[in-house]
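Remember, my numbering sits 14 above the position in the sequence shown when you count from 1. Before any comments, here is the structure.
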Amino acid sequence: MATDEHRYRRAEAALFQAAGIDPTERWVDLPTIGTSARLLEHGVGEPALFIPGGPNAAATFAEAGAHTSGLRCLLLDRPGTGLSEPLPTAPDTQTLPGYVEQLVVDVLDALGLDRAHLVGSSFGGYAALRAAAAHPGRVHRLLLAGCPAFVPGWTAPGFFTLLRTPVVGSFVLHTPATRGAARLSLRQMGHRHSLRTGALTPEMLDWVRAWQRDTDTMSNDAAMISACGTRAGGFDPALDLTADELARVEAPCHIIVGTDDVVGDADTARRLADLLPDTTTEVWDRAGHLPWLDDPARFGATATSFLAPTLASEHVFV
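Written out as structure tokens, the structure reads:
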């Protein structure tokens, strides 16, 4: 599918403008990984690296970012997503764990940061947890937005299985992206309620359509999904974080999970919290896998309260 950077940038800019944010674009070299990545930065305060899941890109956090304060928000286009450069080779079952750990380290090093907060969604949550376990001194606090991938009890979305099926996957990747297709992908992620009520803004829907249509995000993440799968159609269980690995996470962690999250429910989040040394959970009614889309203001307030130390007393985490 042909890409169109200028058209993508217009949709992204419209989303940030509607949110009242004018982010600064930054590019960083990731020498260990062998590529370069794009970040969108806004705000002043504690550095917080936002890592989206897949397929997705940095601007997914635009509306939530408008409601944060006391944070230097660093929104990452993971390699191969948004406008970032692709990886030399798609990670597979053997290389994926090391890749996500090094991704966080390389980004922090490139930004000159000894440590930062991590905000992770889905695959980004997996990356945040792995990095926090492997490099505990680099991570201050963890905010997991939706159930992370590859944790005990998680469920891979059916959409991933479609992408891994050669004929169907090729059809999906080459189907023209429309606003209807954007709505369908969000519905599959558990956001039916927000689609019905209009909570998902036209700018967000247009931006989702833009990354599907105008970037290589979908095909690059589909290649990674395929490389990490099994012949049976699922993912290799060797990728799942173990209890011993999770026990090595030293950073305080807060998990937000929606009742409509298709990857893991409240029980999944609580079981994960039991395996982490210092973790609290919060369940949002009628929220999907990307809970900040359902209530950006609530998410921004939670991120501010949990991550910004001077404002932490405003929200009690239990």
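The beta carbon of each residue, even a glycine, is placed where N, CA and C say it ideally should be. Here the structure is a predicted model, which means the values were calculated and not measured.
Whole-angstrom distance between residue j and residue i, CA atom to CA atom
i: residue 275; j: residue 208; result: 13 angstroms
i: residue 263; j: residue 21; result: 41 angstroms
i: residue 92; j: residue 43; result: 12 angstroms
i: residue 320; j: residue 152; result: 17 angstroms
i: residue 286; j: residue 150; result: 18 angstroms
i: residue 48; j: residue 234; result: 16 angstroms
i: residue 59; j: residue 197; result: 34 angstroms
i: residue 64; j: residue 40; result: 14 angstroms
i: residue 265; j: residue 195; result: 38 angstroms
i: residue 326; j: residue 190; result: Any reading at residue 326 must be qualified, since the residue scores a pLDDT of 45, below 50, and its modelled position is unreliable; no value is offered.
i: residue 318; j: residue 130; result: 14 angstroms
i: residue 126; j: residue 51; result: 15 angstroms
i: residue 212; j: residue 46; result: 43 angstroms
i: residue 284; j: residue 123; result: 33 angstroms
i: residue 132; j: residue 139; result: 9 angstroms
i: residue 292; j: residue 154; result: 12 angstroms
i: residue 103; j: residue 111; result: 14 angstroms
i: residue 172; j: residue 202; result: 8 angstroms
i: residue 27; j: residue 216; result: 13 angstroms
Neighbourhood of residue i by C-beta distance below 6 angstroms, restricted to the same chain and skipping five residues each side
i: residue 311; result: 81
i: residue 185; result: Residue placement at residue 185 is poorly supported in this model, since its pLDDT is 44, which falls under 50; the coordinates are not used for a value here.
i: residue 220; result: 25
i: residue 270; result: 159, 296, 305
i: residue 145; result: 115, 118
i: residue 98; result: 51, 52, 91
i: residue 109; result: none
Distance CB(residue i)-CB(residue j) smaller than 8 angstroms
i: residue 62; j: residue 86; result: yes
i: residue 96; j: residue 192; result: no
i: residue 258; j: residue 107; result: no
i: residue 158; j: residue 242; result: no
i: residue 260; j: residue 141; result: no
i: residue 68; j: residue 137; result: yes
i: residue 135; j: residue 37; result: no
i: residue 170; j: residue 248; result: yes
i: residue 105; j: residue 238; result: yes
Same chain only: Cβ atoms within 8 angstroms of residue i, ignoring 5 sequence neighbours per side
i: residue 168; result: 161, 162, 254, 277, 278, 282
i: residue 332; result: Its pLDDT being 48, under 50, residue 332 is placed unreliably in this model, and the value from its coordinates should be taken loosely. Contacts found: 294.
i: residue 223; result: 25, 191, 192, 193, 195, 196
Anticipated Cβ contact below 8 angstroms, residue i with residue j, distance rounded
i: residue 54; j: residue 89; result: 4 angstroms
i: residue 83; j: residue 322; result: 7 angstroms
i: residue 78; j: residue 314; result: 5 angstroms
i: residue 309; j: residue 298; result: 7 angstroms
i: residue 307; j: residue 214; result: 6 angstroms
Same chain only: Cβ atoms within 7 angstroms of residue i, ignoring 5 sequence neighbours per side
i: residue 76; result: 29, 30, 33, 35
i: residue 17; result: 228, 229, 230
Chain B contact for residue i (CB, 8 angstroms cutoff)
i: residue 107; result: Among the protein chains of the structure shown there is no chain B, as only one such chain exists.
Should the segment 299–309 be called in touch with the segment 203–223, which here means at least 3 C-beta pairs below 8 angstroms?
-> In short, these stretches touch, since the Cβ pair count reaches three.
At least 3 beta-carbon pairs within less than 8 angstroms: the segment 249–269 vs the segment 157–168 = With the rule of 3 Cβ pairs closer than 8 angstroms, the segment 249–269 counts as touching the segment 157–168.
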